[in-house]
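Using my numbering, the first residue of the sequence shown is number 5, and each one after it goes up by one.
C-beta atoms are modelled at their ideal positions from N, C-alpha and C, and glycine is treated no differently.
As the structure is a computational prediction, the values presented were derived from the model and not from experiment.
First the structure, in the form of structure tokens, and then the observations on it.
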Amino acid sequence: MKIINAPLLLRTAAITITIAASYSVAQGQVAPKGPEPATLKANAELAKTLPFANRQDFDDAMRGFVGTIPDALVPGTGPRPAWTMKPYDFLKQSEPADSVNPSLWRQAQLNAIHGLFKVTERVYQVRGFDISNMTIIEGDTSLIIIDVLLTTETARAALELYYQHRPKKPVGTVIYSHSHGDHFGGVKGVISEADVAAGKVQVLAPAGFLEAVAGENVMAGTAMSRRAQYQFGPLLPPGPRGYVDTGLGKKVAGGTITLIAPTGTIDKTMEKRVIDGVEIVFQLAPGSEAPSEMLMYFPQFRVLDMAEDVTHNMHNLYTIRGSEVRDGNLWSRYISEAMETFGDRSDVIIAQHHWPVAGQARVGALMKKQRDMYKFINDQSLRLLNLGYTPGEIAETLHMPASLEQEWSARGYYGTLRHNAKAVYQKYLGWYDANPADLDPLPPAENARKTVEYMGGADAVIARARGDFAKGEYRWVASAMNQVVFADPANRAARELGADALEQLGFQAEAATWRNAYLVGAMELRNGVPKILGNNTANADTLKALNNEMFFDFLGVRLNAAKAEGKTMVINWSFTDSNQRIALNLDNSALTYVAGKQAPNADATVTLARGTFDAVTLQRTTFPDAVKAGLVKIDGDPRKLDELMSMLDTFKVMFEVVEPKPSGQ
Ligand SMILES: [Zn+2]
């Protein structure tokens, strides 16, 4: 992937990570430790409560296996492969490592299976070549591909694998099931923009797709990218004491993320289309797992594709990388609607992650459990908040019913009951728990300094925390050491003990996302913030997806209020490609605009193509150079444009998380 030191951080995907991961512990870095007795005990006890003898998922995951390539190895553009299962050979051992939650170990084994699989006549899937699945439907004369993985490298390899075993029909249609990057980013690995422009290939997506792609993660993109490093752990070395899985799939692929805009959208739920002899019924599911998402039913094949709304784990009502919360009630209702509409006509259920389930009764059973799981989380969290419980109390109080507890597909490998319950609180009541002591507490570093002082100083706190660590009270020790570190980030003993506690929590976590977050936190407490650029990708494809309004919204986000203090300006923009006009106004350290208007009192009027503004944003050119090249025309005071650009922040990804920022807060 092209890594650009771009001022505009564009995260188009739920899971776009572009860190060049180092798979070995660098010199001078502290290596992971082993599991403590309390961790061994916790993992052993959990193992006793779950139905490990039930191996149905392994049979399902291998059903219809056609073939694969060794280690699913997909070369990248640099020395590092875009994808490989080789580092996960350690998962072949049937007994879980004692530093991995046994339930997560099982899921990580399932997610290590890779290859081309026949779902039913004319329906194939490539799985284990990225975090997500590619579904390939054989039309009469062409292929219909549902979702194209995250990167062009993995997508191309997946299609090549298919062609090794099946007739080489051209790709006639690409369907994006939803607006997350792992479902569209690899598109240019299977089709070209030229073929789309020439009308040889159509690209279909649910209504609101492009807006969701552009909008969902742009405004908070830099922070989300940094936080995604915690959720997905790209810098953790694979291994029993390191990285094992994401829960949803093995890993986030490396490589090139692209986007081709849809040539058509599905705007009406239950719309039927016949594409190259294949009948498809589209059920829209906006606001479920993604703002723009759709499910698909294939009557001829009796196959139901639930996109990402029914998978083999509890998904996220809130993602810990940061996202807007999702509506569990709505999610459940879409599953219910699909059951009512297609359930008794479906012999196989597939999804764009994990493996299919065959047999009408089993399809129904899986859907019912998933429907009820999201409804349960939503309703029970609301019940408890109406009883006055606060987020932490709800998370602690809520337990899944035994009937779901024993269901592998309802286990929290990606989402967790605890953080999803808090998401429901957040959706309905927001961040404030109504206790005025929490209304305006001191900020973290100041709070920590006072707390540690009241507790008798750092040494006293650490001494007591060592005792609690020995007793296995890792949640508390992590929290107490966090206070000491925020009071004094140079306190080595506190950092190490805090790291040790986080690490044990990671070894016990059933959710891969939590394990990753804990282990990344431990790594950064031990070694500091990684000395990598941690650049975001602002790729031209996705920048193009931002409409002008969103583009100017994001300029406003980048405005540095201190630099803008006391300044005013009005700039008219005239876009030659879209013919759109925008009047931009700076006043009171806020950028606002009116679309479709030119201000009569403007300091300057800038005439240009949007692509030129994109290029400036990507730092491929500057406005003065673009003016010289004749790409930009400025009427009025050209210095105003320079002044505006000089007031925009460039965000850096690698900010502090487990320690205070240098400013002290
Ligand atoms: Zn996905």
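- Look at Ser292: its beta carbon is at least 6 Å from all of the heavy atoms in ligand 1.
- Checking the 6 Å criterion, the Cβ of His184 is within range of a heavy atom belonging to ligand 1.
- Within the chosen limit of 6 Å, ligand 1 reaches the beta carbon of Ser136 through at least one heavy atom.
- Between Val130 and Ala162, the CB-CB gap stays under 7 Å.
- Beta-bridge annotation (DSSP): Ala608 is paired with Ile575 and Gly640.
- Three or more pairs of CB atoms, one per stretch, sit closer than 8 Å, so the segment 342-351 contacts the segment 293-310.
- By the Cβ rule, the segment 306-320 counts as touching the segment 399-417, because three or more pairs are nearer than 8 Å.
- DSSP, reduced to helix, strand and coil, places Thr315 outside both helices and strands of the structure shown, so it counts as coil.
- In this structure, Ala599 places its C-beta atom within 7 Å of the C-beta atom of Ile586.
- The three-state reading of DSSP puts Leu120 in strand, counting E and B together.
- Taking the Cβ atoms as the reference, Ala265 lies roughly 6 Å from Leu214, within the contact range of under 8 Å.
- Residue ranges of uninterrupted alpha helix (DSSP H) with 4 or more members, entirely inside the segment 311-380 and ordered along the chain, are 332-346.
- Going by DSSP, Asn589 is part of no alpha helix (DSSP H) but of the beta strand (DSSP E) stretching over Arg585 to Asp591.
- Proximity of the beta carbon of Glu220 to ligand 1 is not indicated: no heavy atom of the ligand is located closer than 6 Å.
- In the three-state reduction of the DSSP assignment, Asp309 falls in the strand class.
- Cβ neighbours of Lys122 within its own chain (closer than 7 Å, five residues either side excluded): Gly68, Val70 and Tyr128.
- Comparing C-alpha distances from Leu433 to each of Val489, Gly392, Ser582 and Met371 shows the shortest one belongs to Gly392.
- For Gln129, the enclosing beta strand (DSSP E) covers residues Val127 to Arg131.
- DSSP places Arg415 outside both helix and strand once states are collapsed to three, so it counts as coil.
- Relative to ligand 1, Glu297 has its C-beta separated by 6 Å or more from all heavy atoms.
- Secondary structure of Gly237 (DSSP, three-state): coil.
- Three or more Cβ pairs drawn from the segment 169-180 and the segment 137-144 lie within less than 8 Å of each other, which places the two stretches in contact.
- The Cβ neighbour count for Gly570, taken over all protein chains shown within 10 Å, is under 16; the residue is labelled exposed.
- Ligand 1 never approaches Glu411 closely enough for any of its heavy atoms to be under 6 Å from the residue's Cβ.
- Here Val200 carries a helix assignment [DSSP, helix/strand/coil].
- Just measuring C-alpha positions, the residue of Gln623, Thr625, Ala619 and Lys644 sitting nearest Val610 is Lys644.
- Under DSSP, Met300 takes part in a beta bridge, and its partners are Phe286 and Asp309.
- When DSSP reads this structure, Phe69 sits in a beta bridge with Phe121.
- Spatial neighbours of Gly396 in its own chain (CB-CB distance under 7 Å, excluding positions within 5 residues in sequence) are not present.
- One thing to note: Ser103 has its Cβ no nearer than 7 Å to the Cβ of Leu54.
- Taking a C-beta distance under 7 Å as the contact criterion, Asp64 and Val361 qualify as a contact pair.
- In this structure, the straight-line span from the alpha carbon of Ile466 to that of Asp492 is close to 13 Å.
- Here Gly176 carries a strand assignment [DSSP, helix/strand/coil].
- Collapsing the DSSP output to three states places Trp435 in coil.
- In this structure, the straight-line span from the alpha carbon of Ile179 to that of Leu443 is close to 47 Å.
- Within the model, the alpha-carbon separation for Lys372 versus Ser340 is close to 8 Å.
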